[in-house]
Amino acid sequence: MSLKKVVDGNESVVPATVVDLSRTGIGFTCDEKLDIGTIYEADLTIWTKEVIHVYFQMVRIEITEKGYSYGGFFIGMTDMDLNRISTYQTIEQMKEKD
């Protein structure tokens, strides 16, 4: 996943790895320090190879041995996309039980 942030007309793109995805938000890791409270956008690819364009606000940061761990809440998500993410979450939980 790549995160996009636009500040004063300048766009920056940062690579990130999704580690947790739920109906309300996203957890991911990244090597770069990002800002709490900032709104980012990203394209998420789910198990069906469908891409969901999302916006989220950064609400959590944790410094780890491997970089940074982040959490954000989705904003402005359509019901259809929320349901697709819920289905993705259910499938991932079923895989973990096997």
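Residue numbers for the sequence shown follow our numbering, so the first one is 1 and each next one is one higher.
A virtual CB, placed ideally from N, CA and C, is assigned to each residue, including glycine.
Predicted model only: the values in this text are computed from it and were never measured.
*Have a look at the DSSP bridge pairing and note the partners of Leu3.*
Val14, Ala42
*Taking Tyr40 as the reference, which of Lys49, Thr90, Gln89, Val59 has the closest Cα?*
Val59
*Cβ contact (3+ pairs, closer than 8 Å) linking the region 66-77 and the region 47-57*: yes
_Extent of the continuous beta strand (DSSP E) to which Met77 belongs_ = Note, Met77: premise wrong, no beta strand (DSSP E); not H, not E.
_Using CA atoms only, rank isn't needed, just tell me which of Asp31, Lys4, Gly25 is closest to Tyr107._
An answer regarding residue 107 cannot be provided, because it is not within the stretch 1 to 98 covered by the chain.
*Taking the C-alpha atoms as reference points, what is the distance between Gly37 and Glu65?*
23 Å
*Other residues of its chain near Met1: CB distance less than 6 Å, five sequence neighbours each side excluded*: Ala16, Val18, Ala42
*Would you report the Cα separation of Glu50 and Asp98, rounded to the nearest angstrom?*
24 Å
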